[in-house]
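Participant:
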Amino acid sequence: MSSTSQKHKDFVAEPMGEKTVMALAGIGEVLGKRLEEKGFDKAYVVLGQFLVLRKDEELFREWLKDTCGANTKQQGDCYSCLREWCDSFL
Amino acid sequence: MPVFVEDPALFSKERLKSELMAHNVDLPPPESKKHAYVELYLKHVRTNTTDFSSDEEEDHLGGSAEKEEKAKMVDLGLLTDDQLKAKLLQYGVKAGPIVASTRALYEKKLKRLMDSSAQASQHRVNGTRDAGLYSDNEEEDGREEDEDKESSESEQLRSDTIARTETSKTASRTGTVSQSRDFYPRCFLPSAGFISGKIQHKSSDATQNESLSQSGSPYRSFSITQMVEEIETRFSPQSKQTEIERRSGSRSKQTVDSRVLRDFMRLDKDTMTGRSLCLTSPSSHQKLTVTEPVTDVLSEMFPDTARTPTGIYATKRRPIKGAAGRPVQFKYPEMPLLSPTSLERQEIQQRLVPLWVQIVVFLLVVCMLYLIYASMEEPLSNTFTDLLEDLQEAALIFTSED
Numbered sequence: 001m002s003s004t005s006q007k008h009k010d011f012v013a014e015p016m017g018e019k020t021v022m023a024l025a026g027i028g029e030v031l032g033k034r035l036e037e038k039g040f041d042k043a044y045v046v047l048g049q050f051l052v053l054r055k056d057e058e059l060f061r062e063w064l065k066d067t068c069g070a071n072t073k074q075q076g077d078c079y080s081c082l083r084e085w086c087d088s089f090l
Numbered sequence: 001m002p003v004f005v006e007d008p009a010l011f012s013k014e015r016l017k018s019e020l021m022a023h024n025v026d027l028p029p030p031e032s033k034k035h036a037y038v039e040l041y042l043k044h045v046r047t048n049t050t051d052f053s054s055d056e057e058e059d060h061l062g063g064s065a066e067k068e069e070k071a072k073m074v075d076l077g078l079l080t081d082d083q084l085k086a087k088l089l090q091y092g093v094k095a096g097p098i099v100a101s102t103r104a105l106y107e108k109k110l111k112r113l114m115d116s117s118a119q120a121s122q123h124r125v126n127g128t129r130d131a132g133l134y135s136d137n138e139e140e141d142g143r144e145e146d147e148d149k150e151s152s153e154s155e156q157l158r159s160d161t162i163a164r165t166e167t168s169k170t171a172s173r174t175g176t177v178s179q180s181r182d183f184y185p186r187c188f189l190p191s192a193g194f195i196s197g198k199i200q201h202k203s204s205d206a207t208q209n210e211s212l213s214q215s216g217s218p219y220r221s222f223s224i225t226q227m228v229e230e231i232e233t234r235f236s237p238q239s240k241q242t243e244i245e246r247r248s249g250s251r252s253k254q255t256v257d258s259r260v261l262r263d264f265m266r267l268d269k270d271t272m273t274g275r276s277l278c279l280t281s282p283s284s285h286q287k288l289t290v291t292e293p294v295t296d297v298l299s300e301m302f303p304d305t306a307r308t309p310t311g312i313y314a315t316k317r318r319p320i321k322g323a324a325g326r327p328v329q330f331k332y333p334e335m336p337l338l339s340p341t342s343l344e345r346q347e348i349q350q351r352l353v354p355l356w357v358q359i360v361v362f363l364l365v366v367c368m369l370y371l372i373y374a375s376m377e378e379p380l381s382n383t384f385t386d387l388l389e390d391l392q393e394a395a396l397i398f399t400s401e402d
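Chains as they are written, first to last, in full-length UniProt numbering: chain A, 1 to 90; chain B, 1 to 402.
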């Protein structure tokens, strides 16, 4: 990912606290709604899934696609966003 | 698929269990031994799939693999979490926790892995599976050792002396980095140098003794070639004729006096082992010493080439310098270890005054200046204040004029 979006920067800049899934880079209105329907209402729940998949990019992308139908760019945004957050806050 | 060609006896009990479950076979009671599982496996699973013979493999592989594939696809959902994890491990995937939210993903992944490995196994040729087990390095090393051995053996055969086996032994022993540097020059350069040196100082005993004293291990190889010659002149009838021919051709031969030759033989005694000397009769000694200057002339003409009587150069294979992981610095003894720029820098640094001298001089100068300043009777007046005073004076004069 050569350039990062503003959303990405905002998310990575601070602890996620109680942010919703829509604060995640790559997760917009539509995808956020779908994720909330499946129980992933907070960003930390998605983080939990990310961690339980051992931060594996392939598996996480796959999971995101299956869960909310994210396209490749959205998957990549979300993955790199969470990974960078983990790098700085875990 | 590699799974099917393996011996079921080698499987773990866990795996046998999972395989049996995959084929809808009733499991034996849990406390039964492994061979019970193996029997069941052979009975049910192996009869479903085909027995592999190397000839039929190509035909059956696709079909049986597919069949197996289908069975597995159905059963993936039935596997327990642990089994699923074990299966993933078989494919080299270290699975994380398999929980409700991740299980589907891992199942999918396993399926994909199975697909790809099935495809790969269809393209696979006999025996290529283990290609990764053999590294090039091992082979290389082995070959090198072999060559060492070979060369030493052949040399041993040629010379058939104890001395040679000694040197070759040391050669094969030291074949690697550090000492080989000593060894190769020993083989070629010193012998040539020795030969030419001998010709130059042929008449004088002192230099002969000098070379005698020098004749340590470096000149052993020279004595070996000499010995080979000796043996050959002893055994071949034509050698005398060629020797005579060579003698007529040589110019330095006439100057040889027998005392020097005897000295030379003493050198032989020192450099060679006693055995070869015992073998050689006095006449052959004489013969040899007569031929010796001839080869000396030849090597004088071609100082760079190592001469052998047959013209065949049985030399130890010289390694490519710096190849096969040998550090270059050991292979080029004359090569400077430092780069040209750093050498230059060193030269410059040698010419420069050392740092501590510079500092001392600086401190001395500072002290001197301070002393001068302190010993001055009236302190220096600041130029700026002078200037200001001048201005004030000028202003006063100006106002007073007004």
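Every residue, glycine too, gets a C-beta built ideally from N, C-alpha and C.
None of these values were measured; they are calculated from a predicted model.
Name the chain A residues whose beta carbon is nearer than 9 Å to that of residue 109 of chain B?
Facilitator: For the purposes of this step, residue 109 of chain B is identified with residue 109 of the second sequence, where counting begins at 1. Under the 9 Å cutoff, chain A gives 58, 59, 62.
Participant: For residue 105 of chain B, return the contacting residues in chain A, with the cut-off set at a CB-CB distance below 8 Å.
Facilitator: Within the second sequence, residue 105 of chain B is the residue found at index 105, counting from 1. The contacting residues are 53, 59, 62, 63, 66.
Participant: Report buried or exposed for residue 3 of chain A, applying the criterion of at least 16 other Cβ atoms within 10 angstroms of its Cβ.
Facilitator: Counting from one through the first sequence, the residue named residue 3 of chain A turns up at place 3. Taking a 10 Å sphere around the C-beta of residue 3 of chain A, we find fewer than 16 other C-beta atoms and assign the residue as exposed.
Participant: Looking at the structure shown, is residue 55 of chain A part of a helix, part of a strand, or coil, going by DSSP?
Facilitator: As a working mapping, residue 55 of chain A is identified with position 55 in the first sequence. DSSP places residue 55 of chain A in coil when its eight states are reduced to three.
Participant: Let me confirm a value: residue 373 of chain B is counted as buried when at least 16 other C-beta atoms fall within 10 Å, else exposed. Which label applies?
Facilitator: Working through the second sequence from its first residue, we reach residue 373 of chain B at position 373. With fewer than 16 other beta carbons inside 10 angstroms of its own, residue 373 of chain B counts as exposed.
Participant: Looking at the structure shown, is residue 80 of chain B part of a helix, part of a strand, or coil, going by DSSP?
Facilitator: Position 80 of the second sequence holds residue 80 of chain B. Note: residue 80 of chain B maps to coil in three-state DSSP.
Participant: Would you say residue 21 of chain A and residue 46 of chain A are within 8 Å of each other, going by their C-beta atoms?
Facilitator: Looking up residue 21 of chain A in the first sequence gives position 21. Looking up residue 46 of chain A in the first sequence gives position 46. A contact, by the Cβ cut-off of 8 Å.
Participant: Go to residue 340 of chain B, then tell me how far its alpha helix (DSSP H) extends in each direction, as first and last residue.
Facilitator: Sequence index remark: in the second sequence, residue 340 of chain B carries index 340 (1-based). Residues 340-351.
Participant: At what residues does the alpha helix (DSSP H) containing residue 360 of chain B begin and finish?
Facilitator: Translated into positions along the second sequence, residue 360 of chain B becomes position 360. 355-375 is the span of the alpha helix (DSSP H), which, as asked, contains residue 360 of chain B.
Participant: Quick check: the Cα distance between residue 33 of chain A and residue 6 of chain A, rounded to an integer number of angstroms?
Facilitator: Locating residue 33 of chain A in the first sequence gives position 33, counting from the first residue. Locating residue 6 of chain A in the first sequence gives position 6, counting from the first residue. If you take the alpha carbons of residue 33 of chain A and residue 6 of chain A, they lie about 21 Å apart.
Participant: Which residues, in chain order, does the region 39-51 of chain A contribute to contact with chain B at a C-beta distance below 7 Å?
Facilitator: 49
Participant: Between the beta-carbon of residue 99 of chain B and the beta-carbon of residue 52 of chain A, is there less than 8 Å?
Facilitator: Counting from 1 along the second sequence, the entry for residue 99 of chain B is found at position 99. Counting from 1 along the first sequence, the entry for residue 52 of chain A is found at position 52. Closer than 8 Å, so yes.
Participant: Would a check of beta-carbon distances place residue 96 of chain B closer than 8 Å to chain A?
Facilitator: For this step, residue 96 of chain B is matched to residue 96 along the second sequence. Closer than 8 Å: yes.
Participant: Can you tell me whether residue 27 of chain A is buried or exposed, with buried defined as 16 or more other CB within 10 angstroms of its CB?
Facilitator: The residue given as residue 27 of chain A occupies position 27 in the first sequence. Under this definition residue 27 of chain A is a buried residue.
Participant: Does the beta carbon of residue 12 of chain B come closer than 8 Å to any beta carbon on chain A?
Facilitator: Within the second sequence, residue 12 of chain B is the residue found at index 12, counting from 1. It does not: the Cβ of residue 12 of chain B has no partner Cβ on chain A nearer than 8 Å.
Participant: Between which two residues does the alpha helix (DSSP H) containing residue 93 of chain B stretch?
Facilitator: Taking the second sequence and counting its residues from 1, the one referred to as residue 93 of chain B is at position 93. Segment: none, residue 93 of chain B is in no alpha helix (DSSP H) and carries neither H nor E.
Participant: Between the C-alpha atoms of residue 102 of chain B and residue 117 of chain B, what's the straight-line distance to the nearest angstrom?
Facilitator: To locate residue 102 of chain B, count along the second sequence from 1; it is residue 102. To locate residue 117 of chain B, count along the second sequence from 1; it is residue 117. Roughly 22 Å separates the two Cα atoms.
Participant: In chain order, what residues of the same chain have a beta carbon less than 8 Å from the beta carbon of residue 49 of chain A, not counting five sequence neighbours either side?
Facilitator: Walking along the first sequence from the start, residue 49 of chain A turns up at place 49. Answer for residue 49 of chain A: 40, 60, 63, listed in chain order.
Participant: For residue 366 of chain B, which residues in chain A fall below 8 Å Cβ to Cβ?
Facilitator: On the second sequence, residue 366 of chain B is found 366 positions in, with the first residue counted as 1. Around residue 366 of chain B, no beta-carbon contact reaches into chain A at under 8 Å, the shortest distance being about 52 Å.
Participant: Based on DSSP bridge pairs, tell me the residues matched to residue 108 of chain B.
Facilitator: The sequence position of residue 108 of chain B within the second sequence is 108, counting from 1. Residue 108 of chain B pairs with nothing; no bridge assigned.
Participant: Can you find a CB in chain A that lies within less than 8 Å of the CB of residue 101 of chain B?
Facilitator: One-based indexing of the second sequence puts residue 101 of chain B at position 101. Yes, residue 101 of chain B lies at the interface with chain A (some Cβ there is under 8 Å from its Cβ).
Participant: Can you tell me whether residue 42 of chain A is helix, strand or coil according to DSSP?
Facilitator: Here residue 42 of chain A refers to the residue found at position 42 when the first sequence is read from its first residue. DSSP places residue 42 of chain A in strand when its eight states are reduced to three.
Participant: On a CA-only basis, which of A:25, A:36, A:68 is nearest residue 84 of chain A? Give me that one, please.
Facilitator: Within the first sequence, the letter at position 84 stands for residue 84 of chain A. Checking every option, the nearest Cα to that of residue 84 of chain A belongs to A:25.
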